[in-house]
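Notes to accompany the following structure.
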Amino acid sequence: MKHNAWRIVIIVFSAIAILIGISFLPLSKWTGGRISDFNLFSDILNIGLPEEKDISGATIDPCLAEAIEEDKRKVDTTLNSIDNKPLIAVQPTKQGEQVVIEDYTESGRGLEHLRNAISSDRLARIAVIGDSYIEGDILTEDLREFMQKQYGGTGVGYVNMYSEFPGFRKSVRQGGGKGWKEFAANGKFDDRYMGLTQHYYKLTSPTTSTYSGSKSFANIDRWNRSTFLFISPDSTQITVETASGTKTYDIKGSESLQAITVDENTDKFNVTANKTSLIALGVWLSDTKGVNVDCMSSRGFSGVTLSKVNTDLSAQMSKYVNYDLIILEFGINAMSAGQKNFDSYRKRMESVIVHVRQCFPNADILIMGIGDRGSKRGTEVHSMSSAQYMVEAQREAARRTRTLFWDTREAMGGEDAIVRWTRDGLANKDYIHLNHKGGRELATPLFKAIQINLNK
174 MKHNAWRIVI
184 IVFSAIAILI
194 GISFLPLSKW
204 TGGRISDFNL
214 FSDILNIGLP
224 EEKDISGATI
234 DPCLAEAIEE
244 DKRKVDTTLN
254 SIDNKPLIAV
264 QPTKQGEQVV
274 IEDYTESGRG
284 LEHLRNAISS
294 DRLARIAVIG
304 DSYIEGDILT
314 EDLREFMQKQ
324 YGGTGVGYVN
334 MYSEFPGFRK
344 SVRQGGGKGW
354 KEFAANGKFD
364 DRYMGLTQHY
374 YKLTSPTTST
384 YSGSKSFANI
394 DRWNRSTFLF
404 ISPDSTQITV
414 ETASGTKTYD
424 IKGSESLQAI
434 TVDENTDKFN
444 VTANKTSLIA
454 LGVWLSDTKG
464 VNVDCMSSRG
474 FSGVTLSKVN
484 TDLSAQMSKY
494 VNYDLIILEF
504 GINAMSAGQK
514 NFDSYRKRME
524 SVIVHVRQCF
534 PNADILIMGI
544 GDRGSKRGTE
554 VHSMSSAQYM
564 VEAQREAARR
574 TRTLFWDTRE
584 AMGGEDAIVR
594 WTRDGLANKD
604 YIHLNHKGGR
614 ELATPLFKAI
624 QINLNK
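If you want it as structure tokens, here you go:
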């Protein structure tokens, strides 16, 4: 009897030892994310918590939380005209295996403005505005290359005045600019200067921002038009340098938006400024014809701050840099595990779409649904259950605002797609963000979807 008791003790302790050993094994790495790392002690402590757990560390955009609280205190009449119109029936998501653009525009216009621009003899401009999903030009760098190979054009498009991590973006070599102070739409800012990029820069000390072409992608090592957009309340001098040399411009003080544009084939564009009252929107390195794709990313944003874009400034901006297609890529920072109702976020984004349309009335608007996102269930990683509900909310926003929608998650493969993409080295281990390789993988069906719509 005493012998059997010792046998049971040995078995129990052996089992515990085995579990402790498993806790140190990199199961997630070995299985490509199909099985999450196991920790005996954390799993014991998590008894009683919800089964689904976020593993990314992503947080809800504070501006969204503030906006939802604001909605509870007032009645928003912005969308009354939308509410009174009958909704267009849900369009097919696929054409064969290809995920297509769902067209909820009036009379099925599709990408009418982009189509007209491409067929004209001027530059067609696309702005992709999003969160950290496209940070570092991920996805947009490949979409740009595909579009320019098909329809012509050179240059990387929009680049900010200063970057803490310039090397992360492979599509442009950026340097200098440490004298610029950044203001963003999620902090304290002067709404007179808030443009579509949701960032502007105020000069605090004399500085030079430098931009050089990159050979990482086709058609961006050189370009034919360099544009610097700024507001200079006081008269000043600004010096720019291109491949042919330097030139200093005498700028007359004005509260209106001004531009320095250099039409020259060049592989560099440097901007030197010294008047501390100067406010800059950024530089645009592009062409005079073909297509350009601008990447405007803001880490942690949910999209709701686009309602703060200044309408008058946008009209002034359109004289120098106008857009034919604006793609909105948001949603990651509006989700939490287990959430099913996104009505508040949907209504806010509907207001945003209406406002963006007012700012840029000659642009088509395309909503990109969120990509697939993972969460932990027990010891495994699967698609976050909230993902399907967010996609439905985004599609509903497109229907109610009479705009275009593309189902990113379906293009990735639907349920558990992010697990497969992470396993195959296309996404990061946070089970949200794509790497550069994954960005190219996703840009391929997006480009095809745009082509299909343009050829209608």
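So for the sequence shown, this note's numbering puts the first residue at 174; every next one is plus one. All C-beta atoms, glycine included, are put in the ideal place defined by N, C-alpha and C. None of these values were measured; they are calculated from a predicted model.
{"Item": "Taking all protein chains shown into account, decide if residue 392 is buried (16 or more other Cβ within 10 angstroms of its Cβ) or exposed.", "Value": "buried"}
{"Item": "Which partner residues does residue 390 have in the DSSP bridge list?", "Value": "None, per the DSSP bridge assignment."}
{"Item": "Taking the C-alpha atoms as reference points, what is the distance between residue 577 and residue 388?", "Value": "33 Å"}
{"Item": "What do you reckon, are the CB atoms on residue 500 and residue 539 nearer than 9 Å?", "Value": "yes"}
{"Item": "For residue 216, count neighbouring Cβ atoms within 10 angstroms of its own Cβ and tell me buried if that reaches 16, exposed if not.", "Value": "Residue placement at residue 216 cannot be trusted, given a pLDDT of 44 that sits under 50; what the coordinates show is reported in the next sentence. Label assigned to residue 216: exposed."}
{"Item": "Please give me, in chain order, every unbroken run of the beta strand (DSSP E) with length at least 3 that falls completely inside the segment 304-337.", "Value": "330-332"}
{"Item": "DSSP puts residue 465 in a beta bridge; with which residues?", "Value": "298"}
{"Item": "Under 6 Å Cβ to Cβ from residue 378, same chain only, skipping five residues before and after it: list those, please.", "Value": "352"}
{"Item": "Return yes when the Cβ of residue 468 is within less than 9 Å of the Cβ of residue 349, no when it is not.", "Value": "no"}
{"Item": "Look up residue 398 in the DSSP assignment and give the residues it is bridged to.", "Value": "436, 459"}
{"Item": "Buried or exposed: which applies to residue 258, given that a residue is buried once 16 or more other Cβ atoms fall within 10 Å of its Cβ?", "Value": "exposed"}
{"Item": "Checking 9 Å against the spacing of the C-beta atoms, do residue 488 and residue 544 come in under that value?", "Value": "no"}
{"Item": "Return the residue from the list 483, 298, 227, 262 that minimises the CA-CA distance to residue 495.", "Value": "298"}
{"Item": "Residues bridged to residue 619 by DSSP?", "Value": "Paired residues: none, contrary to the question."}
{"Item": "With 16 other CB atoms within 10 Å as the buried threshold, where does residue 143 fall?", "Value": "With the chain running from 174 to 629 in the structure shown, residue 143 is simply not present."}
{"Item": "Tell me the DSSP secondary structure of residue 340 in three-state form.", "Value": "helix"}
{"Item": "Indicate whether residue 357 and residue 471 have their beta-carbon atoms separated by less than 9 Å.", "Value": "yes"}
{"Item": "Could you check how far apart the C-beta atoms of residue 283 and residue 628 are, in whole angstroms? I think they sit under 8 Å.", "Value": "Not quite, the Cβ-Cβ distance comes to about 10 Å (not below 8 Å), so this is no contact."}
{"Item": "Does the beta-carbon distance from residue 454 to residue 370 come in below 9 Å?", "Value": "yes"}
{"Item": "Between the Cα of residue 376 and those of 553, 406, 233, 342, spot the shortest distance and give me the residue it belongs to.", "Value": "406"}
{"Item": "Apart from the five residues just before and just after residue 480, which ones in its own chain have a Cβ nearer than 7 Å to its Cβ?", "Value": "524, 525, 528"}
{"Item": "Could you tell me whether the segment 443-451 touches the segment 306-319, where touching means 3 or more Cβ pairs closer than 8 Å?", "Value": "no"}
{"Item": "Under 6 Å Cβ to Cβ from residue 614, same chain only, skipping five residues before and after it: list those, please.", "Value": "599"}
{"Item": "Taking residue 445 as the reference, which of 337, 403, 553 has the closest Cα?", "Value": "403"}
{"Item": "At what residues does the alpha helix (DSSP H) containing residue 289 begin and finish?", "Value": "285-292"}
{"Item": "Kindly indicate which residue of 289, 583, 595, 311 has the alpha-carbon position closest to the one of residue 273.", "Value": "583"}
{"Item": "Can you list, in chain order, the residues of its chain with a C-beta nearer than 8 Å to that of residue 531? Leave out the 5 residues immediately preceding and following it.", "Value": "484"}
{"Item": "Residue 294 and residue 344: beta carbons closer than 9 Å?", "Value": "no"}
{"Item": "In the segment 589-615, which residue ranges form an unbroken alpha helix (DSSP H) of at least 4 residues, counting only runs that do not cross its ends?", "Value": "590-596"}
{"Item": "Return the chain-ordered list of same chain residues with a C-beta closer than 8 Å to the C-beta of residue 390, the five sequence neighbours on each side being excluded.", "Value": "314, 315, 317, 318, 343, 344"}
{"Item": "Which partner residues of residue 354 appear in the DSSP bridge assignment?", "Value": "375"}
{"Item": "Which residue comes first and which comes last in the beta strand (DSSP E) that contains residue 526?", "Value": "Looking at the DSSP string, residue 526 is not in any beta strand (DSSP E); the run it does join, the alpha helix (DSSP H), is 516-532."}
{"Item": "Count the other CB atoms, across all protein chains shown, that sit within 10 Å of the CB of residue 360; report buried if there are 16 or more and exposed otherwise.", "Value": "exposed"}
{"Item": "Taking DSSP as the reference, what is the three-state secondary structure of residue 572?", "Value": "helix"}
{"Item": "Using only the alpha-carbon positions, how far apart do residue 380 and residue 288 sit?", "Value": "40 Å"}
{"Item": "Quick check on DSSP: helix, strand or coil for residue 204?", "Value": "Here residue 204 scores only 40 on pLDDT, less than 50, and its place in the model should not be relied on; the value that follows carries that caveat. If DSSP states are grouped into helix, strand and coil, residue 204 belongs with the helices."}
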